[in-house]
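Below is one structure, written out as structure tokens; the observations come after it.
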Amino acid sequence: MASAKTSARTGRLPVLPVPHHLRWPLGYTAAALLVFLAYYYMVPSLPEGGQQFFQTWLPLSSVNEALVWVICALGLNIVVGYAGLLDLGFVAFWALGGYTAGWLMSGHFHQVNLHFLGGAQSSAVGVHVNFWFVLLIGAAFCALWGVIIGAPTLRLKSDYLALVTLGFGEIIPQVFTNGDDIGGFNLTNGARGITPVDPISIGGFTLGPFDLVYKFVIFVVIAAIVMFISLRLREGRLGRAWLAIREDELAASMMGVPLMRTKLAAYAVGAVAGGLAGVAFATHVGGVLPDRFNFSISITLLAMVVLGGMGNVWGVTLGALVLAWINSTGLPQMGNTINENLGTDINFPSYNFLLFGGILVLMMIYRREGILPEARTRLVLREPSRTEREALGADMEESAPELDEVLEAEDAELEAAADAPTADVVGADALAATGTEGTEDGLGQKAGNTI
3 MASAKTSART
13 GRLPVLPVPH
23 HLRWPLGYTA
33 AALLVFLAYY
43 YMVPSLPEGG
53 QQFFQTWLPL
63 SSVNEALVWV
73 ICALGLNIVV
83 GYAGLLDLGF
93 VAFWALGGYT
103 AGWLMSGHFH
113 QVNLHFLGGA
123 QSSAVGVHVN
133 FWFVLLIGAA
143 FCALWGVIIG
153 APTLRLKSDY
163 LALVTLGFGE
173 IIPQVFTNGD
183 DIGGFNLTNG
193 ARGITPVDPI
203 SIGGFTLGPF
213 DLVYKFVIFV
223 VIAAIVMFIS
233 LRLREGRLGR
243 AWLAIREDEL
253 AASMMGVPLM
263 RTKLAAYAVG
273 AVAGGLAGVA
283 FATHVGGVLP
293 DRFNFSISIT
303 LLAMVVLGGM
313 GNVWGVTLGA
323 LVLAWINSTG
333 LPQMGNTINE
343 NLGTDINFPS
353 YNFLLFGGIL
363 VLMMIYRREG
373 ILPEARTRLV
383 LREPSRTERE
393 ALGADMEESA
403 PELDEVLEAE
413 DAELEAAADA
423 PTADVVGADA
433 LAATGTEGTE
443 DGLGQKAGNT
453 I
């Protein structure tokens, strides 16, 4: 009521108060709605030049792929940003989710003829399960593998855990690459991958390869679900346990936090998001290829989490969107523009890791907490270290103006006594001895008070 009266007096429009915890969700919803309306209504009605601009600098296929990166980066944020566990092989869960879609949404297993509300024709051989059920199956399958991999390795810490996850991330793609003959059984079709994957079907409507706007809506919904789960878990008991482990594992264990079970929960929940991203990515590209799941993807995902802001869902989302756009569209198009204007022939996409490395170095120097840091992370990273506090204390001890004044007064008295006449030397010496004794007592008392 008061805000309405104030707006009436100032002549401004009244502003509806929005709770702080709803600002980013409403912003995400508004941005998604704006993109949908733009590509559904505005872009098709633009002249050829306007359509060419959007297809060149902001194609909807790149936007959909960026949303897949967002889903996977949010899963890694649970492991790295919430629980503080360094994971260098998160791409393995992305690959497991993708191959789950390949097994259950294609004709790869031609020995079987199973159809369950899938988007393929009834005469097609193989396993064809509906996309939404495959999402759930892929999430559960990756969560199981997260527990299997994490149970024997999460007793390790820091660099040792990073090395184990790195090995896991390297083993899984190699298994998929060489899985075309496992005891005479073709599990993954080797380097050729599994193609094509069934399209997404909603009721009786099947999305074609060019229905990118509807795929955008589906990927936005999946990303929103992962965001909601991440935010709710962080505010709950499990999320507080993750944060306690991240801050001080020993203190968390002394307070009764079950370390092994809590870490396994972080791995399992993060793997769920990786599985969802894998299924969505398989439907996005129309197949599963093992060379799409290399080690560089894990590093890119980690860069998205670090640059966006570890532990902050919205920061990680922003970092994933920006880096995914730069990697897929921004860097190639900027390179083409520079080459056309300057007459050069530089392959700018080949320098993407040089660009990411430079950005990481600058961020670690000037803004270690990320673009949109979490409040706790910002306070921890900006707090002076122990050596800095000790140096500050040493400087305070060295600077004691009261002590300097006492010493200067003592020197002045001694010089005055030395310049006195000979007849008064004895008296001066006695006076100096008395004064010095009193000064030493006063000096000790003042120095003690100062320190």
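Per this note's numbering, the sequence shown starts with residue 3, numbered consecutively.
The beta carbon of each residue, even a glycine, is placed where N, CA and C say it ideally should be.
Keep in mind the model is a prediction, meaning the values are calculated, not measured.
Beta-carbon gap between VAL228 and MET107 smaller than 8 Å: no
Nonlocal neighbours in the same chain, by C-beta distance under 6 Å from GLY181, ignoring five residues either side: LEU189, THR190
Host beta strand (DSSP E) of ILE129 (start-end): The question names Ile, yet the displayed sequence has Val at residue 129. From DSSP, the beta strand (DSSP E) with VAL129 extends over 128-131.
DSSP-derived helix/strand/coil call for SER298: helix
GLY195 versus GLY169: straight-line alpha-carbon distance, rounded: 22 Å
Cβ pair count under 8 Å reaching 3, the stretch 65-75 against the stretch 305-324: yes
Beta-carbon gap between PHE283 and GLY171 smaller than 8 Å: no
Of the residues ASP183, GLY86, LEU78, the one placed nearest ALA243, counting alpha carbons only: GLY86
Option in LEU374, PRO19, PRO175, VAL37 with minimal Cα separation from SER300: When the alpha-carbon of SER300 is set against those of LEU374, PRO19, PRO175, VAL37, the nearest one is in PRO175.
Cβ contact (3+ pairs, closer than 8 Å) linking the stretch 302-319 and the stretch 363-378: yes
Nearest-angstrom Cα separation, counted from HIS117 out to ASN132: 8 Å
contact_flag[the stretch 60-68, the stretch 325-345] where n(CB pairs < 8 Å) is 3 or more: The stretch 60-68, when compared against the stretch 325-345, does touch it at the 8 Å Cβ threshold.
Inter-residue spacing [alpha-carbon to alpha-carbon] between MET366 and GLY359: 11 Å
First through last residue of the alpha helix (DSSP H) which encompasses PHE358: Its alpha helix (DSSP H) spans residues 354-368.
Status (buried if at least 16 other CB within 10 Å, exposed otherwise) for LYS265: Answer is buried; the Cβ neighbour count reaches 16.
ASN115: first and last residue of the uninterrupted beta strand (DSSP E) it sits in: Annotation for ASN115: the continuous beta strand (DSSP E) segment containing it runs 115-118.
Close beta carbons around ILE151, own chain, < 6 Å, minus the five adjacent residues each side: Apart from sequence neighbours up to five positions away, the residues of its chain that approach ILE151 with a beta-carbon distance below 6 Å are PHE170, ordered along the chain.
Beta-carbon proximity check, PHE56 vs LEU98, cutoff 8 Å: no
Span separating the alpha-carbon of LEU364 from that of LEU356: Roughly 12 Å between the two C-alpha positions.
Unbroken stretches of the beta strand (DSSP E), 3 residues or longer, contained in the stretch 225-291: Scanning the stretch 225-291 from its first residue to its last, no whole beta strand (DSSP E) run of 3-plus residues comes out.
Cα-Cα separation between THR285 and GLY205, rounded to whole angstroms: Straight-line Cα distance between these residues: approximately 17 Å.
As assigned by DSSP and simplified to three states, the class of ILE204: strand
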